[in-house]
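Just so you know, we're using the working numbering here: the sequence shown kicks off at 380 and counts up by one.
Backbone N, C-alpha and C fix where the C-beta goes; we use that ideal spot for every residue, glycine too.
Note that the structure is a prediction, hence the values are computed from the model and not measured.
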Amino acid sequence: MKKLDGRIAVVTGAASGIGRGIAAAFAREGADIVVADLVAPGDAADVLAEIAEAGTRGVFVRTDVSDESSVREMAKRALEEFGRVDILVNNAGIFTESLLEDISVEDWDRVVNTNLRGTFLCTRMLIGQMLERGDGRIINIASQLGQIGGVAVPHYVASKAGIIGLTKALAREVAGRGVLVNAIAPGPIETPLLDRETEQWRSAKLAELPIKRFGRVDEVTPTAVLLASADGSYYVGQTLGPNGGDVML
């Protein structure tokens, strides 16, 4: 029996990067997947193909996680399609770089609203039906930068540190009611996000990393499978860090 047989998962930001990897890994373990992403439907074709190849069902719902009405519509569609949601992965996020003195209020709000408000909105919209059944898993994708900080990314760091704090607070609220909430704080992973960095940044970061290489998406996804499955039944409010030694706690 697969680890997630019969489970229904919503993965936000699932069209690419870590979100796509998690969606595909969940499908290989037997879960049906709601691919919630802001991209055009055609841009979700690859992850939907991976889900279908795994033998489970994938449904794409175009979603702006920072917008309450969009999240409400996504949750409605997920429940109409599958009847329930067992697992929520709050992965959708954006990243920009700027010194604090140069950040516009609009850019600050855009990053924080997508990363932190989006996590809140998706969780609030889907946690009720989990609590009614006394069963659910919520996995929030944070970042090692939310633990150690970073230069020229104060808005991103604030949003990801907020996700870690929200994870702990919510875990204390709902663990006794059957819903387990945890976070994953990946280090630098080879994704389209990392591709935007300069060669100078990449060289400097590689020199810092104890493992001397960037991570792969498939080195993050097993952590998500762990937290979503019965194997993760005693993890509550934790932030797990597949980060190549960038953070050691």
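Alpha-carbon spacing of residue i relative to residue j, whole angstroms
| i | j | result |
| --- | --- | --- |
| Leu572 | Tyr614 | 28 Å |
| Val464 | Gln579 | 43 Å |
| Glu459 | Leu427 | 19 Å |
| Ile397 | Glu480 | 31 Å |
| Leu524 | Glu432 | 34 Å |
| Ser612 | Ser483 | 42 Å |
| Gly594 | Gly544 | 25 Å |
| Arg489 | Asp425 | 27 Å |
| Thr493 | Ser445 | 5 Å |
| Thr570 | Asp610 | 27 Å |
| Glu526 | Val626 | Correcting the residue type first, residue 526 is Gln in the shown sequence and not Glu. Going from the Cα of Gln526 to the Cα of Val626 covers about 8 Å. |
| Thr577 | Leu585 | 12 Å |
| Ser582 | Arg575 | 14 Å |
Of the listed residues the options, nearest to residue i (C-alpha basis)
| i | options | result |
| --- | --- | --- |
| Asn561 | Tyr535, Arg581, Leu605 and Ile527 | Leu605 |
| Asn469 | Asp610, Met627 and Leu500 | Leu500 |
| Gly407 | Pro420, Val390 and Thr435 | A quick correction: the sequence has Arg, not Gly, at residue 407. Closest by alpha carbon: Thr435. |
| Met380 | Ser608, Gly437 and Glu576 | Ser608 |
| Val440 | Gly392, Gly462, Leu478 and Gly507 | Gly392 |
| Val413 | Ala419, Leu628 and Ala394 | Ala394 |
| Val418 | Ala404, Asp411 and Thr442 | Thr442 |
| Ala457 | Arg386, Ala550 and Asp422 | Arg386 |
| Asp416 | Gly472, Ser448 and Arg512 | Gly472 |
| Gly507 | Ser522, Thr475, Glu552 and Phe474 | Glu552 |
Sequence-distant residues of the same chain with beta carbon closer than 8 Å to residue i, five excluded per side
| i | result |
| --- | --- |
| Gly504 | The sequence as given places Met at residue 504; Gly does not occur at that position. Same-chain partners within the cutoff: Val450, Arg451, Met453 and Ala454. |
| Ala554 | Val560, Val615 and Gly616 |
| Val599 | Ile397, Gly400, Ile401, Ile563, Pro565, Ile568 and Pro621 |
Residue burial classification, residue i (beta-carbon count within 10 angstroms, cutoff 16)
| i | result |
| --- | --- |
| Pro601 | exposed |
| Lys539 | buried |
| Val536 | buried |
| Ile466 | buried |
| Val389 | buried |
| Ile517 | buried |
| Leu628 | exposed |
| Ala423 | buried |
| Leu549 | buried |
| Ile430 | buried |
| Asp597 | exposed |
Cβ neighbours of residue i in the same chain (closer than 7 Å, five flanking residues each side left out)
| i | result |
| --- | --- |
| Asp384 | Gly409 |
| Trp487 | His534 |
| Gly491 | Note that residue 491 is Val in the sequence shown, not Gly. Here the set comprises His534, Ala537 and Ser538. |
| Leu495 | Ser538, Gly541 and Ile542 |
| Arg529 | It should be noted that the sequence gives Gly, not Arg, for residue 529. Only Val536 meet the Cβ criterion. |
| Gly624 | Leu588, Pro589 and Ile590 |
| Ala531 | Glu476, Ser477 and Leu478 |
Cβ-based neighbour list, residue i, same chain, cut-off 6 Å, excluding 5 preceding and 5 following
| i | result |
| --- | --- |
| Met629 | Lying outside 380 to 628, the shown extent of the chain, residue 629 is not represented and no answer is given. |
| Asn519 | Asn469, Thr498, Ile542, Thr546 and Ala562 |
| Val438 | Val413 and Glu460 |
| Leu619 | Ile563 and Thr602 |
Inset, instruction - Enumerate, from N- to C-terminal direction, the unbroken beta strand (DSSP E) stretches of 3 or more residues contained entirely within the stretch 499–525. - result: 515–520
Inset, instruction - At 4 residues or longer, and completely inside the stretch 560–602: list those alpha helix (DSSP H) runs for me, N to C. - result: 571–574 and 578–587
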